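This report concerns only the one structure given below.
Protein chains: 2
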Amino acid sequence: MADDNGSDAGVVRAPKGVRSASPQRKRRRLDPEDREREIVDGAVAFFAEVGFDGGLRDLAKRLGITHQNLFRYFPTKEALIDRVYEEVYLGRWQVEWEVLLADRTIALEQRLTQFYRAYLQAIFRYDWVRIFVFAGLKGVGITQRYLELVQARVVEPLARELRVTTGLPDTAEVPLLPEETEMAWGLHGELFYLAVRRWVYEMKVPDDLDTVVRVAVVRFLAGAPSAMRLLHEGTLRAPAPRSGRRARPARRNPR
Amino acid sequence: MADDNGSDAGVVRAPKGVRSASPQRKRRRLDPEDREREIVDGAVAFFAEVGFDGGLRDLAKRLGITHQNLFRYFPTKEALIDRVYEEVYLGRWQVEWEVLLADRTIALEQRLTQFYRAYLQAIFRYDWVRIFVFAGLKGVGITQRYLELVQARVVEPLARELRVTTGLPDTAEVPLLPEETEMAWGLHGELFYLAVRRWVYEMKVPDDLDTVVRVAVVRFLAGAPSAMRLLHEGTLRAPAPRSGRRARPARRNPR
DNA sequence: ATCACTAATGACCGGACGGTAACTAAAATG
DNA sequence: CATTTTAGTTACCGTCCGGTCATTAGTGAT
């Protein structure tokens, strides 16, 4: 059954000598490094589009190679996918971001604005957002670890800054409430959700992300003191009733 | 969620001949309505967990039937998936929510708090969130249409309310800026992102969602006026070309 | 020109997929 | 009871999947 029929010779021999028959007809032999680069880039784009259930044959077709050739470079599909994770997540986190956020010589508003502008510049992309969501749904550990990084390096530091700017006790005295951390997640979440609306749900979003970031940061910081007081009005006895607007709600914090 | 394992549906029957195999469930014959109900419920849970690429044989195994039997109720897999969409999205949108949001006899803060508490009660669920995200990645139109509904019935009305509460011109005079709509998306986005963190990335989130909603709404409304003024400072008076942020009542000065 | 090296490929495998057809048996009807 | 109806099953089809192996052909060194 294997190669029984000599009548095969299915490949048309006639135009064989002439090598310029069609644009990509011929076998292209690359340095392994170059080929691997092409495969990884192609895989990132491919899996971002169709998800990790996409077939290797389809990926190979896009790359202009056969799917078997992929196995020369990655022993299994899983290995290729792991490489895609590396490619997308490793090295895109800038430690300078953490430095910037911690630099109290700059106003918090400026720090947050600059950070989120830089952060969005790094992640507000088709590949990054979709692979991040695909991986999350699949339950890949790397996404959880990434979010724990965000929480430890961005969200919780921000929540601690709010303690300072609102004149509440330091977190050394009173640990962060889950609701305070959640509040800081709010800023992060609304900006990430913007990326999801754009790259997952294909909605129209404003072109000028810098303005969106600025507005979000301003609103966040302008609103945070009220929310912090609300959260802490039970834990400490500094009522500090605000005269403006509506009178202070008679009801305390539920539970 | 109907029943787990009702292997014996009222019929007590002596094992017939050779067919001992006690664990083997006998053929269970249900009314088509009941069976269809089981299939749909099972399909919602199944596809929410593994995504729409999950195999029908696996789904059938969970249901205790053979995969061929699914075709008796749904002509194709696609038809079953469409039914899942219906099941999850249709009828879960409450028109009372829109009425509540538009009721100006209630303070905006109360309206938003009540609405988002009710909204989260409806959508903050494993099935809903994950299927919504899976469907978005797949590019299913129903999710886009759903988000357009949210924008038209929740987000833009909220943005218009902000015009009123901040004393800015009505939207009849000055149409909503994209950045204003985006601002209103911010509140929605941070709460939806909370659901994504919980049900997609399996992170710990506060147990008391009511408090989270209340804090988010208070912060949103307290911060919105500053952000609105920022957005409209060019609209209302002379452009003031450069300089990011200066001639404004910067009430809150960090440090 | 040719040789060695090795990218790249063609052929193939077992299994899982969505889907079809024929058959089996549990309930409804008389 | 016998008969009819039809929910549910066994058996199977063509296709595609990840992965293996022997073979082919592009390229630098000689």
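Protein sequences, first through last, are from chains S and A.
The UniProt record's numbering puts the first residue of the first sequence at 1, with every later residue one more than the last.
The UniProt record's numbering puts the first residue of the second sequence at 1, with every later residue one more than the last.
Even glycine gets a Cβ: it sits at the ideal position worked out from N, Cα and C.
For clarity, every value in this text was computed on a predicted model and none was experimentally measured.
{"Asked": "Alpha-carbon spacing of THR143 of chain A relative to GLY167 of chain S, whole angstroms", "Found": "43 Å"}
{"Asked": "Residue environment, LEU59 of chain A, which counts as buried when at least 16 other CB atoms sit within 10 Å", "Found": "buried"}
{"Asked": "Local conformation of PRO169 of chain S per DSSP, three classes", "Found": "coil"}
{"Asked": "Where VAL213 of chain S sits in the DSSP three-state scheme", "Found": "helix"}
{"Asked": "Sequence-distant residues of its chain with Cβ nearer than 8 Å to THR181 of chain A (five each side left out)", "Found": "GLN151, VAL155, GLU156 and ALA159"}
{"Asked": "Exposure label - GLY42 of chain A; buried when at least 16 CB within 10 Å", "Found": "buried"}
{"Asked": "Three-way DSSP call (helix, strand, coil) for ASP127 of chain A in this model", "Found": "helix"}
{"Asked": "Cut-off 7 Å between Cβ atoms - residues of its own chain near ARG62 of chain A, not counting five sequence neighbours on either side", "Found": "GLY42 and PHE46"}
{"Asked": "Close-in-space but distant-in-sequence residues of the same chain around THR165 of chain A (CB under 8 Å, 5 per side omitted)", "Found": "LEU108, LEU221, ALA224 and PRO225"}
{"Asked": "C-beta neighbour in chain A for LEU162 of chain S, strict 8 Å", "Found": "no"}
{"Asked": "Helix, strand or coil at SER22 of chain S according to DSSP, with G and I counted as helix", "Found": "Confidence in SER22 of chain S is poor, its pLDDT being 39 and thus under 50, which makes the residue's placement too unreliable to answer from."}
{"Asked": "Spatial distance of LEU230 of chain S from ALA184 of chain S (CA atoms)", "Found": "15 Å"}
{"Asked": "Chain-ordered residues of the segment 69–88 of chain A with a beta carbon less than 9 Å from chain S", "Found": "none"}
{"Asked": "Chain S contact residues for ALA216 of chain A, given Cβ-Cβ distances below 7 Å", "Found": "GLY186"}
{"Asked": "Exposed unless 16 or more other CB atoms sit within 10 angstroms - verdict on GLY51 of chain A", "Found": "buried"}
{"Asked": "Selection of the segment 141–166 of chain S by Cβ proximity to chain A, strictly under 7 Å", "Found": "THR143, GLN144, LEU147 and THR165"}
{"Asked": "Counted within 10 angstroms of its Cβ, other Cβ atoms place ARG214 of chain A as buried (16 or more) or exposed", "Found": "buried"}
{"Asked": "LEU162 of chain S vs MET228 of chain S beta-carbon contact at 8 Å", "Found": "yes"}
{"Asked": "Among S:GLU33, S:TRP128, S:THR171 and S:LEU70, nearest to residue 295 of chain S - alpha-carbon criterion", "Found": "In the structure as shown, chain S begins at 1 and stops at 255. Residue 295 of chain S is therefore absent and cannot be evaluated."}
{"Asked": "Three CB pairs or more closer than 8 Å across the segment 100–120 of chain S and the segment 62–82 of chain S", "Found": "no"}
{"Asked": "Below-8 Å beta-carbon distance, ARG130 of chain S vs any chain A residue", "Found": "yes"}
{"Asked": "Same chain, Cβ closer than 6 Å to LEU112 of chain S, five either side skipped, listed in chain order", "Found": "VAL217"}
{"Asked": "Sub-8 Å separation of GLY136 of chain S and TYR201 of chain A beta-carbons", "Found": "yes"}
{"Asked": "GLY141 of chain S versus S:ASP82, S:PHE71 and S:ASP31, residue with shortest Cα-Cα distance", "Found": "S:ASP82"}
{"Asked": "Cβ-based neighbour list, ASP170 of chain S, same chain, cut-off 7 Å, excluding 5 preceding and 5 following", "Found": "ARG163"}
{"Asked": "Neighbouring residues, chain A, relative to THR211 of chain S (Cβ below 7 Å)", "Found": "GLU179"}
{"Asked": "Partners in chain A for PRO169 of chain S, counting only beta-carbon separations shorter than 8 Å", "Found": "In chain order: nothing, as chain A lies at least about 17 Å away."}
{"Asked": "Cβ neighbours of VAL88 of chain S in the same chain (closer than 8 Å, five flanking residues each side left out)", "Found": "VAL44, ASP127, TRP128, ILE131 and PHE132"}
{"Asked": "Min CB distance PRO23 of chain S to chain A below 8 Å", "Found": "Unreliable positioning characterises PRO23 of chain S in this predicted model, as indicated by a pLDDT of 43, which lies under 50. The coordinate reading is nonetheless provided below. False, the Cβ-Cβ gap to chain A never drops below 8 Å."}
{"Asked": "Test: ALA43 of chain S CB closer than 8 Å to a CB of chain A", "Found": "no"}
{"Asked": "Distance between beta carbons of GLU190 of chain A and GLU190 of chain S, contact taken as under 8 Å", "Found": "4 Å"}
{"Asked": "Cβ shell of ASN69 of chain S (< 7 Å), same chain only, five flanking positions each side left out", "Found": "ALA60"}
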